[in-house]
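Since the structure comes first, as structure tokens, the remarks are kept for the end.
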Amino acid sequence: MSDPALYTVGWICAIPTKSIAASLSLDGEEHERLAYVSTNDGNDYTLGEMAGHNVVIAVLPDGEYVVKDMHSSFPNIRVGFMVGIAGGAPTSKNDIRLGDIVVSSPQDGTGGVLQYDYGKMIQGQGFQQTGFLNQPSTLIRTAVSGLKAQYKKKGNVIETKIKTILDEYTELSEEFGRPDGDKDRLYKADVVHPAEVEGTCGDICGTQPEKLVERRARTLREDKRTIIHYGTIASGSWLMKDAHARDLHAEERGVLCFEMEAAGLMNHLPCLVVRGICDYSDSHKNKDWQGYAAMAAAAYVKDLLTRMVPSRVEAEAKLKEVIDSMSQKVDTIGTTIQKVHVDVGELRMQEHRRRMIKWLSPSDPSTNYNKALEQRQEGTGLWFIHGDAFKQWKQHSNSFLWLHGIPGCGKTVLSSTIIEHLKRGTNVGVLLYFYFDFNHTNKQTLDNVLRSLIKQLYRKRPDARKPLDQSWVSHSEGSQQPSTSSLQSVLQAMLNMIDKVCIVLDALDESTPRCDLLAWLQTLVTNKSAACQLLVTARREEDIKSALQSWTHLEDRIAIQQSDVDTDIEVYVTHEIEALRECYYQRTLRKALADLPETLDETYHRILKNILEESLPDATTILRLLAWSERPLRIEELIDAMAVQPDESPSFCVDNRMPEPRDLLRICSSLVVLVQRPILGRTMRQCAECCGLPWTS
């Protein structure tokens with residue numbers, strides 16, 4: 001009985017034809033069959049000696065399970081071979097013909113065998129390979145190089161060796177002998193063999209020259225030896241019978257032949273794949289060459305084994321150990337790849353988000369928010385935060401509030417107080433905010449606020465990103481800008497995808513043009529498909545008041561009363577006094593007192609110092625006109641008066657008017673106020689005299 005521990009070479013065949021060719025190559029008689037194999041081993045084995053090595057030949061269509069079972073029954077196998085037939089892929093560079101041999105050889109860092117159905121086809125880019133299979137051991141690759149050099153120097157006598165074997169087994173000559181050369185026909189790719197038609201290919205497809213690829217005649221020297229090709233073998237789970245696909249893989253990936261077994265084997269047994277060419281991987285299947293092709297491949301492997309010293313093979317690591325180690329590495333690599341996929345996915349997502357934000361080019365409202373918070377005195381604005389109106393606004397999923405008041409009463413600071421409170425709160429949903437600002441042109445229009453709100457929502461809620469992603473694609477992947485109408489649709493679609501959102505918009509009166517903005521606000525508030533809580537601040541200017549009153553309720557409009565402002569002033573004064581109490585040393589107290597304005601003149605001096613330098617000429621003109629006027633001026637009168645240029649002719653021109661009249665209030669902030677009723681006919685002179693201030697006529 002044979003001892004399974006003595007066998008060091010594994011030889012895998014997929015069909016009986018190949019195993020017969022392998023067994024015919026054994027030296028001497030086959031060894032006795034094993035008395036015992038592993039319980040789960042269903043393989044059929046042929047045992048024998050070849051070139052001094054004990055060889056196990058296994059036959060089973062599913063190569064993967066052949067290897068697993070072989071390892072169980074023959075634990076000392078050190079090297080492996082996958083030997084059989086394949087369909088050639090001839091090109092102008094690789095003149096592959098029937099009866100030739102292809103040996104898997106690593107190319108450009110690959111394993112010599114690629115899985116051709118493990119990739120993807122991209123229109124306009126061709127086939128992109130995504131995986132190669134394991135390469136054989138260094139010992140085998142070294143032997144291949146040595147045999148290649150030997151053949152180049154002395155030639156090979158593979159065909160002679162096959163003839164010698166068949167002379168002994170004459171009954172196999174017809175099946176395994178070399179067919180006549182006229183049976184080697186390579187049809188053009190557009191000549192397709194009809195399916196399910198009985199008859200030989202020569203009879204059905206014809207042998208006319210115009211249907212065949214013209215090939216040069218091989219030289220006498222080439223005819224005397226079997227031609228061997230080294231390179232990439234393609235393996236897949238389906239049979240290649242498409243000449244166009246064959247040519248594509250051959251040209252783009254350098255594939256020499258196609259087969260079906262190695263793909264299921266190479267990752268379980270790092271082996272050498274050797275194939276005899278029996279057809280051309282097209283619709284013209286040719287069984288005439290299968291036997292000879294199998295014999296040629298077997299003869300090559302036998303020659304290869306003669307280059308491998310048995311003691312050197314026995315010194316190799318057991319394939320079972322190699323595979324176990326490989327499995328551990330694969331598991332580790334798999335974990336690493338999974339992490340890399342996650343990391344790469346996140347990087348791609350970050351890059352996509354960066355491109356989206358760049359495309360939107362939104363303004364940043366946080367600068368206004370932070371500036372207002374710096375100006376805010378801790379404890380102010382609590383009258384609103386603790387008020388019933390704000391509490392009710394927070395409790396309803398669809399609610400609206402309009403905070404209005406005179407210029408300079410602290411609406412923007414109060415907006416930041418509200419935003420800060422909502423940020424700290426719970427059950428708020430998604431918080432979005434925006435500050436309209438006369439000083440920044442990118443914070444004035446409906447388009448500006450839409451871009452900013454979309455950006456904030458896109459960053460905060462990944463589950464609501466789809467509408468913007470779709471818009472980006474529809475605008476030529478960001479090469480075109482969306483219209484304001486398109487942005488409205490995107491924001492509304494995003495809002496519809498989330499449960500609850502809070503939006504705070506400050507200073508609507510600083511927007512332009514207002515009609516579009518007010519119309520959008522009405523749509524936002526009246527659209528019940530999204531749970532939106534909206535809070536806005538604005539002066540009671542006529543267009544804003546008229547628009548908001550048409551679709552809001554009285555309780556939705558909150559006026560900032562003088563008593564509320566007085567409360568915040570009291571908090572501020574109290575804080576300043578408390579700050580003085582913290583001055584334990586005379587020097588710190590003196591410094592703190594020195595920083596406070598001592599007189600009303602100094603207070604106004606500080607206000608004047610805060611006027612922008614470029615606005616000083618206009619501010620001086622405004623204050624002079626109001627100071628010398630016999631009565632308060634209407635804003636239209638003041639605008640016309642400022643447009644007068646005494647040194648020019650004509651001295652008055654309509655084009656010299658200030659485009660936005662209310663900019664007067666911003667130029668002289670805290671010094672000029674616009675009121676909606678007469679101030680009892682008092683001029684600035686009368687007010688000064690009433691307060692006991694000096695007045696020079």
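Counting along the sequence shown from 1, when you hit position 282 you're at 282 in full-length UniProt numbering, and nothing is skipped either side. Yeah, the Cβ is synthetic: ideal placement off N, Cα and C, and Gly gets one too.
> Do you know whose CA, among I277, G146, H386, lies nearest Y292's CA?
Replying inline: Of I277, G146, H386, the residue nearest in Cα terms is I277.
>> Tell me the residue span of the beta strand (DSSP E) that contains G206.
In response: Following the DSSP letters along the chain, one finds G206 in no beta strand (DSSP E), marked with neither H nor E.
> Where does Q125 sit, in a helix, a strand or coil, going by DSSP?
Replying inline: Interpretation of Q125 is limited by its pLDDT of 43, a score under 50 that renders its predicted location unreliable; the figure taken from the coordinates is listed afterwards. Note: Q125 maps to coil in three-state DSSP.
> F400 bridges to which residues according to DSSP?
Replying inline: Paired residues: L534.
>> Once DSSP output is grouped into helix, strand and coil, what is the label at A493?
In response: Three-state DSSP puts A493 in a helix.
> With a cut-off of 8 Å, do at least 3 Cβ pairs link the stretch 46–53 to the stretch 197–205?
Replying inline: The stretch 46–53 vs the stretch 197–205: no contact.
> Could you give the residue range of the beta strand (DSSP E) that holds V59?
Replying inline: For V59, the enclosing beta strand (DSSP E) covers residues 53–59.
> By Cβ distance below 7 Å, which residues in the same chain neighbour A299 in space, the five residues on each side in sequence not counted?
Replying inline: In the same chain as A299, and ignoring 5 residues on each side of it, the C-beta atoms closer than 7 Å to its own belong to S25, I158, K161, I162, in chain order.
> Using the C-alpha atoms, what's the distance from L468 back to S474?
Replying inline: Whole-angstrom Cα-Cα distance: 10 Å.
>> Counting C-beta neighbours from all protein chains within 10 Å, is the total for K609 16 or more, i.e. buried, or is it exposed?
In response: Counting every other CB atom within 10 Å of its CB across the protein chains shown gives K609 a total below 16, marking it as exposed.
>> Could you compute how far the alpha carbon of E689 sits from the alpha carbon of V673?
In response: Since pLDDT at E689 reaches only 47, below the 50 mark, its modelled position is unreliable, and the value read off the structure follows with that caveat. E689 and V673: Cα-Cα distance of roughly 19 Å.
> Can you check whether the CB of F258 is closer than 9 Å to the CB of G236?
Replying inline: G236 places its beta carbon less than 9 Å from that of F258.
> If residue 708 and Y435 are in contact, beta carbons under 8 Å, what's the gap, nearest whole angstrom?
Replying inline: Nothing in the structure corresponds to residue 708, since the chain is present only between 1 and 697.
> How would you write the range of the alpha helix (DSSP H) that R451 sits in, first residue to last?
Replying inline: Where R451 is concerned, the enclosing alpha helix (DSSP H) starts and stops at 446–460.
>> With DSSP as the reference, identify every bridge partner of Q115, one or two as the case may be.
In response: Here Q115 is bridged, per DSSP, to S235.
> Pick from K443, A530, T306: whose alpha carbon is nearest that of H396?
Replying inline: The residue with the shortest Cα to Cα distance from H396 is A530.
> Among residues of its own chain, excluding the 5 on either side of T306, which ones have a beta-carbon nearer than 6 Å to its beta-carbon?
Replying inline: Taking T306 as the centre and dropping the five residues before and after it, the same chain places the C-beta of A51 closer than 6 Å to its C-beta, in chain order.
> Hey, quick one: how far does the beta strand (DSSP E) through residue 698 stretch, first residue to last?
Replying inline: No answer is possible for residue 698: the residues shown for the chain start at 1 and end at 697.
> Where does S563 land, buried or exposed, given buried means 16+ other C-beta within 10 angstroms?
Replying inline: Here S563 scores only 47 on pLDDT, less than 50, and its place in the model should not be relied on; the value that follows carries that caveat. Within a 10 Å sphere around the beta-carbon of S563 sit fewer than 16 other beta-carbons, which makes this residue exposed.
>> Run through the DSSP bridge pairs and tell me what D655 is partnered with.
In response: According to DSSP, which records beta bridges pairwise, D655 is partnered with nothing at all.
>> Counting C-beta neighbours from all protein chains within 10 Å, is the total for P678 16 or more, i.e. buried, or is it exposed?
In response: Legend: pLDDT at P678 = 46, less than 50; position of this residue unreliable, value from coordinates given subsequently. Only exposed fits P678, as fewer than 16 other CB atoms lie within 10 angstroms of its CB.
> How is the alpha helix (DSSP H) around Y292 delimited, first residue to last?
Replying inline: Y292: member of the alpha helix (DSSP H) spanning 290–306, first to last residue.
> Over what stretch of residues does the alpha helix (DSSP H) that includes S311 continue unbroken?
Replying inline: Where S311 is concerned, the enclosing alpha helix (DSSP H) stretches over 310–314.
> Expressed to the nearest angstrom, what Euclidean distance is found between the alpha-carbon atoms of A294 and N156?
Replying inline: Taking C-alpha positions only, A294 is separated from N156 by approximately 17 Å.
>> Suppose you measure from the CA of P90 to the CA of V313; what does that come to, to the nearest Å?
In response: The alpha-carbon atoms of P90 and V313 are separated by roughly 35 Å.
> Which whole-angstrom value describes the C-beta separation of L623 and L638, a residue pair presumed to lie in contact below a C-beta threshold of 8 Å?
Replying inline: So it is not a contact: roughly 11 Å between Cβ atoms.
> Using the C-alpha atoms, what's the distance from R178 back to N40?
Replying inline: Going by the C-alpha atoms only, they are around 39 Å apart.
> Quick one: what's got a C-beta closer than 6 Å to D44's C-beta in the same chain, skipping five residues either side?
Replying inline: These residues qualify, in order along the chain: V59.
>> My output table needs one value for L6: the three-state DSSP class, helix, strand or coil.
In response: L6 carries a helical assignment under DSSP once its states are collapsed to helix, strand and coil.
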